[in-house]
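K.L.:
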Amino acid sequence: MFNYQSENTLATKKTLISNPIFYFFLIVILYSCYDYYDHISRPESQFEMYPVDWALFCIAAISSLIIIMFSLNKLLARIFKKDWLFFEVIALGIWLSTYILVLGPLFNTLFWKHSELHFSFKPTAFLIVLGIYFLFRSIIYLIFQRKIFSLRTKRPH
Numbered sequence: 012m013f014n015y016q017s018e019n020t021l022a023t024k025k026t027l028i029s030n031p032i033f034y035f036f037l038i039v040i041l042y043s044c045y046d047y048y049d050h051i052s053r054p055e056s057q058f059e060m061y062p063v064d065w066a067l068f069c070i071a072a073i074s075s076l077i078i079i080m081f082s083l084n085k086l087l088a089r090i091f092k093k094d095w096l097f098f099e100v101i102a103l104g105i106w107l108s109t110y111i112l113v114l115g116p117l118f119n120t121l122f123w124k125h126s127e128l129h130f131s132f133k134p135t136a137f138l139i140v141l142g143i144y145f146l147f148r149s150i151i152y153l154i155f156q157r158k159i160f161s162l163r164t165k166r167p168h
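This is the structure in structure tokens:
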């Protein structure tokens with residue numbers, strides 16, 4: 012039984028590492044750590060005075076990205092029985108619009124009561140972010156030798 016669990020864990024790690032979305036999340040987490048440090052190291056700023064509150068806000072934002080994007084991508088793949096890069100773009104777009112319109116202001120109210128952060132939806136910027144994401148993810152998909160536009164069926168798990 013112990014061998015089964017360790018093999019299962021190893022298989023999960025291999026699947027996670029071979030999934031290109033893992034690297035996107037890793038980059039987001041690393042950049043967010045840098046951004047957090049940048050904010051709290053500003054002398055006499057509210058971020059410096061309340062680093063725990065800012066950490067909670069950042070953790071909530073990153074967690075919402077990972078949970079929503081990963082879940083929607085998996086849900087779309089399961090519904091359509093396909094594994095398309097386009098599903099990731101849709102999931103990112105849904106998270107981004109939800110974050111700007113609902114979650115960002117909610118997290119501001121819950122975790123960052125020291126000032127009001129400004130969230131405004133700009134359609135052009137929204138489309139540019141999705142286009143850049145699609146471009147970079149296409150390159151990563153090509154590195155992993157996955158088909159970007161194919162109508163193939165979902166990979167077996």
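Taking my numbering, the leading residue of the sequence shown gets 12, the next gets one more, and so forth. Ideal Cβ placement from N, Cα and C applies to all residues, glycine included. All of these numbers come straight from a predicted model, not from anything done at the bench.
1. How long is the line joining the alpha carbons of residue 54 and residue 65, rounded to whole angstroms?
2. Is residue 94 helix, strand or coil when you go by DSSP?
3. Where does the unbroken alpha helix (DSSP H) through residue 50 begin, and where does it stop?
4. For the candidate residues 51, 114 and 138, whose alpha-carbon lies nearest to that of residue 129?
5. In whole angstroms, give me the CA-to-CA distance for residue 119 and residue 45.
6. Quick check on this structure: which residue in 109, 108, 111 and 82 has the alpha carbon closest to the alpha carbon of residue 98?
P.N.:
Taking the structure as given:
1. 15 Å
2. In the structure shown, residue 94 sits in coil (DSSP, three-state: anything other than H, G, I, E or B).
3. 31–51
4. Ranking 51, 114 and 138 by Cα distance to residue 129 puts 114 first.
5. 20 Å
6. Across the set 109, 108, 111 and 82, the C-alpha of 82 shows the shortest separation from the C-alpha of residue 98.
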